[in-house]
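Each residue of the sequence shown is one higher than the one before, counting from 1 in full-length UniProt numbering. Before any comments, here is the structure.
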Amino acid sequence: MEVHKAVLLLCLFLFTGFLRCHSQSTDVLEAYIKTDGAWIVKLPKSQYTVKTVEDCAVKCNKETSFTCRSFLYIEKDQDCVTLPANSKTDQILRRTSAALYEKKEYLLECVNGIGTDYRGTKSKTKSGKTCQRWEGTFPHVTNITPKTHPKADLESNLCRNPDGDKGGPWCYTTDPEKRWEHCDIQDCTEECMQCSGENYRGKISTTASGFTCQRWDSQKPQNHGYIPSALPDKYLEENHCRNPDGEPKPWCFTTSPSKRWESCSIPRCTTEPPTIVPELTCASGEGSSYRGTIAVTVSGKTCQEWSSQSPHKHSRTPENYPCKGLDENYCRNPDNERSPWGYTTDPETRWEYCSVPSCGDQLRPEEPVIPEGEECYEGDGSSYRGAMSETVSGKKCQFWTSMEPHRHSKTPPNFPAADLRRNLCRNPDGDRAPWCYTTDPTVRWEYCNIERCDSKPSTQEPPTNPTEPAASQSTSQETDCKVGNGETYRGPTSTTIVGVTCQAWSSMTPHQHASFTPETHPDKGLESNQCRNPDNDVNGPWCYTTDRNKKWDYCQIPDCDGLKCGQPAVKPKRCFGRIVGGCISKAHSWPWQISLRTRGKIHFCGGTLIDAQWVLTAAHCLERSESPSAYKILLGIHTERATQSSKQERDVSKIIKGPAGTDIALLKLDRPALINDKVLPACLPEKDYIVPSNTECYVTGWGETEETGGEGFLKETGFPVIENKVCNSPTYLNGLVKEHEMCAGNIGGGTDSCQGDSGGPLVCYSQNTFVLQGVTSWGLGCAKAMKPGVYTRVSKFINWIERSMKEN
1 MEVHKAVLLL CLFLFTGFLR CHSQSTDVLE AYIKTDGAWI VKLPKSQYTV KTVEDCAVKC
61 NKETSFTCRS FLYIEKDQDC VTLPANSKTD QILRRTSAAL YEKKEYLLEC VNGIGTDYRG
121 TKSKTKSGKT CQRWEGTFPH VTNITPKTHP KADLESNLCR NPDGDKGGPW CYTTDPEKRW
181 EHCDIQDCTE ECMQCSGENY RGKISTTASG FTCQRWDSQK PQNHGYIPSA LPDKYLEENH
241 CRNPDGEPKP WCFTTSPSKR WESCSIPRCT TEPPTIVPEL TCASGEGSSY RGTIAVTVSG
301 KTCQEWSSQS PHKHSRTPEN YPCKGLDENY CRNPDNERSP WGYTTDPETR WEYCSVPSCG
361 DQLRPEEPVI PEGEECYEGD GSSYRGAMSE TVSGKKCQFW TSMEPHRHSK TPPNFPAADL
421 RRNLCRNPDG DRAPWCYTTD PTVRWEYCNI ERCDSKPSTQ EPPTNPTEPA ASQSTSQETD
481 CKVGNGETYR GPTSTTIVGV TCQAWSSMTP HQHASFTPET HPDKGLESNQ CRNPDNDVNG
541 PWCYTTDRNK KWDYCQIPDC DGLKCGQPAV KPKRCFGRIV GGCISKAHSW PWQISLRTRG
601 KIHFCGGTLI DAQWVLTAAH CLERSESPSA YKILLGIHTE RATQSSKQER DVSKIIKGPA
661 GTDIALLKLD RPALINDKVL PACLPEKDYI VPSNTECYVT GWGETEETGG EGFLKETGFP
721 VIENKVCNSP TYLNGLVKEH EMCAGNIGGG TDSCQGDSGG PLVCYSQNTF VLQGVTSWGL
781 GCAKAMKPGV YTRVSKFINW IERSMKEN
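Structure below.
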C-alpha cells in the first residue's frame, strides 16, 4: 500500500509539474501578437533551432545582443529568428509558413502610470519639438544615455522615462534653447477616441442613454450583420462600443428590445490625431486622403458646404467628422464610400459622387465591369484575371488600394501591369500562385482558392445526391483527391510538387523534426511517407522530403470533383458593380435559376431550384392565380426564348405560401428535375444566419433592363449587402425593411434587380459555394440612388422550408 501511495504521489507530482510547465510555456506567448504569413528582414538578428514556438519566445525574452521586439517562427523548419524590429518600425513582407510574433508592449502608443515601461514610437515633445537621439551629443551633452541606462530601451530618439520622472516619458530636444521636455502620450486607461472613433479600441459598453450593449457575436435580441468573424478588421470584441460603418462616433446594438442601437458617449482625446499624407490632385483607393479643391459632382452640380444644412440636412459635418478635411464644399469621403462625393445644391438631388482623377494607373471603383471569371490559372498565375476574392481558408481579400488592416507596397501604381483592381486575387510579384492580403489582422496574406489549369482531377462519376454536403460524399480517404485543404486526405501520393520522394514521418533522416510524428499526431495518418496535412496548412498536404537541401514541400493533390449544390460546372463571370446595368451571364453559370411562366409560357418572375423537386420564389409572383395549373417552370435555359436543348419543362403540382406578411413561397414540381451541369440546386443557408455587412452577393434574372442592353439573355450583377441598421436610416428606406428581410445594392444606384426578376435568387459566395441568401422581393424603383433592393431573408425560413418539403 505504501509503495502504491508513493507511486501515486510521484505521478501526481509529475502531472502537476507538467501542468505547471505547460501553463508557463503557454503564458509566455500572451505577451505577443501573432500575424501569420508575415516576415521582417532586419539586421541585427539571431537565429536558433527550437522545438516549439514557446521556446522561441523564451529566446526573444532572454536576448542580450539587442532589444528583442519580435521573433519569426517557421514551424515546419523549427526555425526561430529574434529581431530588434516590429511592424511599427520596419516593412512587413510576405512569406509562406512564417509567423511573426510581436511584443505587445512595443506596439502600445499609450502609457501606464508614469510610463517607465513605455516602448512606443512617439519622438516629439508636447510643444512639437523633435527629440534628440539618446546617444547623441548635439545640441545637448546628456547624462542619460543607452550605456548609463541599458534597460530603458534608449534607442534612436524615442520618448522614454528612464529616470522615473513623475511627469511621464520625455526626451532631450533638438532645440538648443530647450534642453528637454515631456512628451504628450495618451494614458492607456483613458477612454477617449480620435476623429470619429473608427479606431477606438476601449471597453466602454453602455450607450449615451445608459442601455447595455449587446455582444457583437450575439444575435439576441437584435439580429444584425456586423459579425466579428466576418469583419475581423473592425475589432468587434465582446460588447464594447465600436464604429464599423462610418457613424459620427462609436455605437452598439443594445440588449433592450425597445432600442435597436444607439451611439456611445466617448470623449475625444486631447492628443493629436494620426496625420495623413493629403492627395491634392488625385485620389487613391476610396479617396479618403483626397484634399483637393474639386467641388462639382459627376453631373455638374455644385456641392453644398459641409457645414451647411441647406438645402439638405445631414450629419456629415466638420464637427462630427473632424479628421476628414470637410472644408468648404470640396468633394470628400468621410464615411468610407467608394469614392469622394458631396451633397449638392440641387434640392432634388441629395448627393452625388465626384469626378476626381485616380492616382497612377489604378481603375476607379465606379469604372466598369470586373473581367470575365476564369476557372483556373496558368503557370504561376501572373496572367490570372478572374473574379476570385477569397483565400484557400475562406478569408476575404483586402483591397489592393487599402492599407487596412495590412500596410504594403503592392499597389496599382507600383504594379500597373498586374491588374490590381478591387480585392481580386492576383500575382503581382511572381509568386507561385495568385494570392491576396486578407481582411483578418492576424493573417497577413494567403494563396487564393483557385486551381491550376493543368492540375484538375480526372472526370469522376457524380455523386448520387448533388445536394448532400461534401462530407457525406465519397471522401478523400477512398480516392486520390482532397476535400478543402486536405486535412482529411489519406490517399497514396508520396511525392512533392516537384516530384521528390517524401521522407517517412517517423524517420529523422535526412531531416530531424519533432513537431509532426505518428506519436505527436496519432490521428493524422502519419504511418508511412504519404502526403498529409497534420497542421491544417491552408495550402494543402505536404511532407518532409528526402532531399537534404529541402526540408519540406507541398504535394500536388487534386480537389475532389463532383456536382454539389451551389457549385456550377461553368464558373460565373461574377460581374460586380455595373439585371439593370448588369452584364450578360455565361450560359448555364447560374444553373439554379428558373423561369416562372404562365401556361402560355410567358416569363414574368424568377425562382431558385433548391431541391430536385422544389423551387423557392416570391409569394407576390403568385397573385394572378392560386391554382398550380396556372404556372409552368423552365430550367436549364439561358435565353428568354428558351431554345436551348438543355431546357427542362415542368408543371407545378403544389403551391405553399410563406407565413402571413412575408414574401416567400415554395413550388413543388410535378416530377423531379434532372440534375446535371446545367440544372443544379443552390445551397440553403444555415438557420437564422445573417449575411455580414458589405458581403458581395449576386442577383440574376431576365427582368426589365431599362434599355441598358442584354434583353432576352440571363443577366447578372453583383453588389454589397447593406446592414438593416443602415438601410432603415432616413437617408435610405426609412424603417421600411423588416427583420425577415435584407438589403443589397449600390447606394449610388446604377445596378439592381427589377420587374421580371422578382422571386429570383440573391446568392452570396463563400467557401467555394454559392448560397441562396435572398429572394428578390421589392424596391423603390429600379437602380435608384439611395434606394437599394429588398430581399426576403431565406435563413429566417429554413424551418418552414424543411417542414413544408417533408410534409408535402
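Using N, Cα and C, we set each Cβ at its ideal position, and we do this for glycine too. On a predicted model such as this, the values are computed, not experimentally measured, just so you know.
- Look at W306 here: in three-state DSSP terms it is coil, with no helix or strand label.
- With respect to the C-alpha of T52, the residue from G540, H314, C80 having the closest C-alpha is C80.
- When secondary structure is reduced to three states using DSSP, V763 falls in the strand class.
- Boundaries of the alpha helix (DSSP H) harbouring C60: 53-61, taken from the DSSP string.
- Assigned with DSSP and collapsed to three states, H620 falls in helix.
- Under a 10 Å Cβ-count criterion, A619 is classified as buried, with 16 or more other Cβ atoms of the shown protein chains found around its own Cβ.
- Taken in chain order, the whole beta strand (DSSP E) runs of length 3 or more contained in the segment 315-361 are 341-343, 351-353.
- Check the Cα spacing between N239 and each of I655, C195, W251: the tightest is with W251.
- Short of 7 Å from the beta carbon of H511, and not among the five residues preceding or following it, lie these beta carbons of its own chain, in chain order: Q503, Y544, K551.
- DSSP places R803 in the helix class (H, G or I) of the three-state scheme.
- Taken atom to atom, the span from the alpha-carbon of A665 to that of L616 is near 6 Å.
- Assignment of K42 by DSSP, reduced to helix, strand and coil, places it in the coil class.
- Exclusion of the five residues before and after D757 leaves I579, G606, V699, G701, G703, T776 as the residues of its chain whose Cβ lies within less than 7 Å of its Cβ.
- If you keep only unbroken alpha helix (DSSP H) runs of at least 4 residues inside the UniProt domain "Kringle" (109-188), you get nothing at all.
- In the structure shown, F66 adopts coil according to DSSP, grouped into three states.
- The C-alpha of P692 lies about 6 Å from the C-alpha of A230.
- Between K654 and K668, the C-beta gap is smaller than 7 Å, which places the two residues in contact.
- Minimum Cα-Cα distance from R160 among the listed residues T695, A98, G120 corresponds to G120.
- Judged by their CB atoms, D36 and P232 are not nearer to each other than the 7 Å cut-off.
- Under the rule that a run must span 3 or more residues, the beta strand (DSSP E) segments found entirely inside the UniProt domain "Kringle" (191-269) read 251-253, 261-263.
- Separation of the CB atoms of S65 and L83 is rounded to 11 Å, and the pair is thereby denied contact status at 8 Å.
- Among the bridge pairs identified by DSSP, V652 is matched with L669.
- Per the coordinates, the alpha-carbon of E109 lies some 8 Å from the alpha-carbon of Y118.
- Around the CB of T270, fewer than 16 other CB atoms lie within 10 Å, so the residue is classed as exposed.
- The beta carbons of I497 and Y554 sit about 5 Å from each other, so the pair counts as a contact at 8 Å.
- Ranking Q644, P568, P413 by CA distance to the CA of N768 puts P568 first.
- Within its own chain, the residues whose Cβ lies closer than 6 Å to the Cβ of K796, once the five positions on either side in sequence are excluded, are H740, listed in chain order.
- Residue environment analysis places N536 among the exposed positions, since fewer than 16 neighbouring C-beta atoms fall within 10 angstroms of its C-beta.
- In this structure, DSSP gives E640 a state outside helix and strand, which the three-state scheme calls coil.
- When the Cα atoms are used, P405 and T608 turn out to be separated by approximately 37 Å.
- For C80, no alpha helix (DSSP H) run applies; the uninterrupted beta strand (DSSP E) run containing it begins and ends at 79-83, by DSSP.
- An exposed status is given to D429, since fewer than 16 other beta-carbon atoms sit within 10 Å of its beta-carbon.
- The beta carbons of E272 and N336 sit about 22 Å from each other, so the pair does not count as a contact at 8 Å.
- Assigned with DSSP and collapsed to three states, S409 falls in coil, not helix or strand.
- Only buried fits E102, as 16 or more other CB atoms lie within 10 angstroms of its CB.
- A distance of 7 Å or more separates the beta carbons of G484 and I557.
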